[in-house]
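Start counting the sequence shown at 505; every next residue gets the next number (the numbering used here).
No residue lacks a Cβ here, since even glycine has one placed at the ideal position from N, Cα and C.
Everything numeric in this text was worked out from a predicted model, so none of it was measured.
Have a look at the structure below, then the notes.
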Amino acid sequence: MSSLPPDTNFYSGLRLDRADHLRRDARWLAAGPTAAESRLVPVWRARSLIARDGAGGGAAVRAVALPAAEAGPLIAAAVETAFLGLDGETAYFALALPDDFAPESDPALARHGEFLDIRAVGPLLPRSDGALLAYARGLAHWHRQHRFCGACGAPTASEQGGHLRRCSASDCGAQHFPRTDPAVIMLVTDGERCVLGRQAQWPPGMHSVLAGFVETGESLEEAVAREVYEEVGIAVTEVAYRSSQPWPFPASIMLGFWARARHAPLRVNRHELAEADWYDRAALRASPEDERFRLPRRDSIARRLVEDWLDAG
Numbered sequence: 505m506s507s508l509p510p511d512t513n514f515y516s517g518l519r520l521d522r523a524d525h526l527r528r529d530a531r532w533l534a535a536g537p538t539a540a541e542s543r544l545v546p547v548w549r550a551r552s553l554i555a556r557d558g559a560g561g562g563a564a565v566r567a568v569a570l571p572a573a574e575a576g577p578l579i580a581a582a583v584e585t586a587f588l589g590l591d592g593e594t595a596y597f598a599l600a601l602p603d604d605f606a607p608e609s610d611p612a613l614a615r616h617g618e619f620l621d622i623r624a625v626g627p628l629l630p631r632s633d634g635a636l637l638a639y640a641r642g643l644a645h646w647h648r649q650h651r652f653c654g655a656c657g658a659p660t661a662s663e664q665g666g667h668l669r670r671c672s673a674s675d676c677g678a679q680h681f682p683r684t685d686p687a688v689i690m691l692v693t694d695g696e697r698c699v700l701g702r703q704a705q706w707p708p709g710m711h712s713v714l715a716g717f718v719e720t721g722e723s724l725e726e727a728v729a730r731e732v733y734e735e736v737g738i739a740v741t742e743v744a745y746r747s748s749q750p751w752p753f754p755a756s757i758m759l760g761f762w763a764r765a766r767h768a769p770l771r772v773n774r775h776e777l778a779e780a781d782w783y784d785r786a787a788l789r790a791s792p793e794d795e796r797f798r799l800p801r802r803d804s805i806a807r808r809l810v811e812d813w814l815d816a817g
C-alpha cells in the first residue's frame, strides 16, 4: 500500500497494493469477486457509486465499495470485471455495468449511495477515495473503447484481471494494454505575473492555465514550449516540473510545470482559447470566485499550480 503525502493531488494517492502477481492467477481471479472479504466498485455510465453521510452543508462524501454479499446482482450484470488491488487481505474489483442497467432494480444500491460523476464531488472526497474511483472509472472506460482489436478488428477478450485485452483472432493475437494519454499543463509566469486563459465552453468566469497533449516524438519540455507558443504566441525560457495528476476523464495524466517567459503582449489563438491575459498575484488573490472571474476547479492540478505560485510570492 502506498503512502499518502499531505500534498497529494486529487485522484492520486491510491491506498492499494496493485498486486501484479495476482493478475496471472486465474483461479484466484475467478473466485475473487464473490469472496466474502472482497469489495466491489461499480461504474455505470462513467459514474461511480458515492455516499453522502449526514445532511446539508455538513454532509461527508465517500466512495462506496460494496461487500460481495451485497453485490450479487451487480456481479451478474457486469460486462467487465477488473482487479484493482489489495488493502491487506481485502481485494477490490471494478465492475463495469452496462448502460441499460437500472440501478433502481437493486435495493442494495439505494441504501448505499447514488451514481454520480466523480468530478461533481471530487473536492469533497478523501484523496484515497477519489483515487480509487478514478482508477475504476479509467479501467472501465478503457475496456469499453477496446472491445475490438485495433490491428485486425476481431473481438478482444479481457485477461490478467482486466489489465490486458487479447485479440481473439488466431492469426493476430495482438495484446492491448490500458493506455493513458500524457498531457502537459503549465503555469506561465514572468515572475510577478502569470498567464491564464479560458475556453468558450467553460463555466462562466472560469480561467485556467495552459495545457495540451504531448505529440509523437516530443519531450515534455518541448510540448510545454510548443503549446504555450501555439496558444498565446510567447516563447518560454525555462521549464520546471512540479507534479502530476491522474485525470481519467476519460484517459489522461496531467504533467504539471511552471514555465518562465518574458512579459510580452499575448497573441491569443482563437481556435484554442476565447481569451487569455497576464494576471498579477494581487488580482488572483482577490478573485471573486464567481461568474465574473474564478480560478480553476479545486480538484485540478491547474488550481494546485496557481495556488503554489501564489504561496511562493
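For residue i, the three-state DSSP class (helix, strand or coil)
i, result
"Thr-538", "helix"
"Pro-607", "helix"
"Ala-816", "helix"
"Val-568", "coil"
"Glu-843", "What the structure shows of the chain is the stretch from 505 to 817, and residue 843 is not part of that stretch, so it cannot be assessed."
"Gly-448", "The question about residue 448 has no answer here: the residues shown for the chain are numbered 505 through 817."
"Ser-674", "coil"
"Pro-546", "strand"
"Ser-552", "strand"
"Leu-520", "coil"
"Ala-575", "coil"
"Asp-633", "helix"
"Tyr-639", "helix"
"Pro-627", "helix"
"Ala-580", "helix"
"Arg-669", "strand"
"Met-505", "Note that Met-505 has pLDDT 40, beneath the 50 cutoff, so the model's placement of it is unreliable and the number below is only indicative. Three-state DSSP puts Met-505 in coil, outside helix and strand."
Interface flag, residue i vs chain C, CB-CB below 8 Å
i, result
"Ala-606", "Reference to chain C is not applicable here, since this structure consists of a single protein chain."
Beta-carbon proximity list for residue i, same chain, < 8 Å, skipping 5 on both sides
i, result
"Ser-507", "Because the pLDDT of Ser-507 is 48, which lies under 50, any placement of that residue in the model is unreliable, and the number read from its coordinates should be weighed accordingly. Answer for Ser-507: no residue qualifies."
"Leu-533", "Leu-526, Arg-527, Phe-587, Gly-665"
"Ser-748", "Asn-513, Ser-516, Ile-757, Met-758, Leu-759, Gly-760, Ile-805"
"Asp-694", "Arg-764, Ala-765, Arg-766, His-767, Trp-782"
"Val-772", "Gly-701, Glu-735, Val-736, Gly-737, Glu-779, Ala-780"
"Phe-797", "Gly-709, His-711, Ser-791"
Beta carbon of residue i nearer than 8 Å to that of residue j
i, j, result
"Leu-700", "Phe-681", "no"
"Leu-599", "Ala-580", "no"
"Pro-750", "Tyr-596", "no"
"Leu-636", "Leu-553", "no"
"Leu-770", "Gly-716", "no"
"Glu-734", "Glu-776", "yes"
"Leu-570", "Ala-523", "no"
"Ser-672", "Ala-655", "no"
"Ala-572", "Ala-540", "yes"
"Val-718", "Leu-724", "yes"
"Ala-765", "Val-743", "no"
"Gly-709", "Asp-794", "yes"
"His-711", "Leu-799", "yes"
"Ser-632", "Leu-518", "yes"
"Ala-474", "Thr-684", "No answer is possible for residue 474: the residues shown for the chain start at 505 and end at 817."
Close Cβ partners of residue i (< 6 Å) along its chain, the five nearest in sequence each way excluded
i, result
"Leu-578", "Pro-546, Leu-599"
"Val-568", "Leu-553, Ala-555, His-616, Gly-617"
"Glu-811", "none"
"Asp-557", "Ala-564"
"Leu-460", "There is simply no residue 460 to check, as the chain begins at 505 and stops at 817 in what is shown."
Residues near residue i in its chain [Cβ-Cβ closer than 7 Å; skip 5 each side]
i, result
"Leu-643", "Ala-586, Ala-598, Gly-666, Pro-682"
"Ala-661", "Arg-669, Arg-670, Ser-672"
"Arg-641", "Val-547, Ala-550, Ser-552, Ile-622, Pro-752"
"Arg-697", "His-767, Trp-782, Tyr-783, Asp-784"
"Glu-593", "Glu-541"
"Tyr-639", "Leu-518, Leu-588"
"Leu-814", "Arg-785, Leu-788, Arg-789"
"Arg-802", "Pro-627"
"Val-728", "Val-688, Met-690, Val-740, Val-743, Phe-761, Ala-763"
- Query: In the region 692-771, which residue ranges form an unbroken alpha helix (DSSP H) of at least 4 residues, counting only runs that do not cross its ends?
  - Reply: 724-736
- Counting only runs that start and end within the region 773-814, where is the alpha helix (DSSP H) found for 4 or more residues in a row? 785-789
- Report yes or no: do three or more beta-carbon pairs, one from the region 643-660 and one from the region 616-635, lie closer than 8 Å? no
- Message: For the pair the region 755-763 and the region 689-708, tell me if three or more CB-CB distances fall below 8 Å.
- Response: yes
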